[in-house]
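The sequence shown begins at 1 in my numbering and counts up one residue at a time. Glycine included, C-beta positions come from ideal geometry on N, C-alpha and C. Please read these numbers as outputs of a predicted model, since none were measured by experiment. Step one of this worksheet: look at the structure below.
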Amino acid sequence: MHSHNEKALLEKLPPETFTQDVVYVSDAGMPAVSDPGCELVRYCHHHDIKYEVVPGANAALLAYAASGFCESQFLFFGFLPHKGNDRANALTKALNSGFVTILYESPHRIEKLIDELALRAPSREIFLIKEATKMYERMFKGTSLEVKEATKIQNMKGEWVVVLNALKKEFGVITVEDVIALDIPKKQASKLIAKITGKSPKECYNDLL
1 MHSHNEKALL EKLPPETFTQ DVVYVSDAGM PAVSDPGCEL VRYCHHHDIK
51 YEVVPGANAA LLAYAASGFC ESQFLFFGFL PHKGNDRANA LTKALNSGFV
101 TILYESPHRI EKLIDELALR APSREIFLIK EATKMYERMF KGTSLEVKEA
151 TKIQNMKGEW VVVLNALKKE FGVITVEDVI ALDIPKKQAS KLIAKITGKS
201 PKECYNDLL
């Protein structure tokens, strides 16, 4: 059972299956947390099947505990959309959630995410962990720009969790992500970002593209 066949498989599964003891085990993280399993729980509710959840590996909570961001509340955001406006809009929401925010990212897009964070929130404090609890576990903490520099020569293969510290705004202070979130032409946005970052408007415009 995987994310593409979960519903179809359950539709074919007779409730009588569960007159026996049945165990569902994930080969990765905690079932139903960005992994298949939620539809199985719904199935059990619908058919009045008794079940029990045995706590297992949970990368989101592990990363939160390891981050050192000592807030009493956090937001689990899961995976961002892969590309386009959907990804840009989701990242804007994550950056401006007001909470410590936890993201999952694949090894194929982690460098892209780090670049996006360095552009949109260069001074935001972030924490990254890859291959948590495994032999090649690595942790990185600092501003987005510092983490980008620290990961330049790293092997990026593996599963990643990214933790964004909560945005602590001072009254009257405008950030790069504030400008990007505005519904204005890129040329105008690039001029505002240039004033914030010290880069040239042309460089900022190319970054936005």
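| Check | Outcome |
| --- | --- |
| Going by alpha carbons, who is nearest to Arg-109 out of Lys-130, Glu-16, Phe-18? | Lys-130 |
| Which residue marks the beginning of the alpha helix (DSSP H) containing Ile-129, and which one marks its end? | Per DSSP, Ile-129 belongs to no alpha helix (DSSP H); it is in the beta strand (DSSP E), 125 to 130. |
| What is the DSSP secondary structure of Tyr-136, reduced to helix, strand or coil? | coil |
| Do you know offhand how far Phe-127's Cα is from Leu-164's? | 7 angstroms |
| To which residues of the same chain is Cys-38 closer than 7 angstroms at the C-beta, ignoring the five residues directly before and after it? | Ala-32 |
| Suppose you measure from the CA of Asn-58 to the CA of Gln-188; what does that come to, to the nearest Å? | 43 angstroms |
| Give the secondary structure of Val-22 by DSSP, where H, G and I count as helix, E and B as strand, and everything else as coil. | coil |
| Using a Cβ distance threshold of 8 angstroms, determine whether the segment 172 to 184 contacts the segment 133 to 152, with at least three qualifying pairs required. | no |
| Tell me whether Val-54 sits in a helix, a strand or coil according to DSSP, three-state version. | coil |
| Leaving out the 5 sequence neighbours to the left and right, which residues in its chain are closer than 6 angstroms to Asn-96 when beta-carbon positions are compared? | none |
| Considering only residues of the same chain and omitting the five flanking positions on each side of His-82, which have a CB-CB separation below 8 angstroms? | Arg-109 |
| For a test of the three-state rule: what should DSSP assign to Lys-141, helix, strand or coil? | strand |
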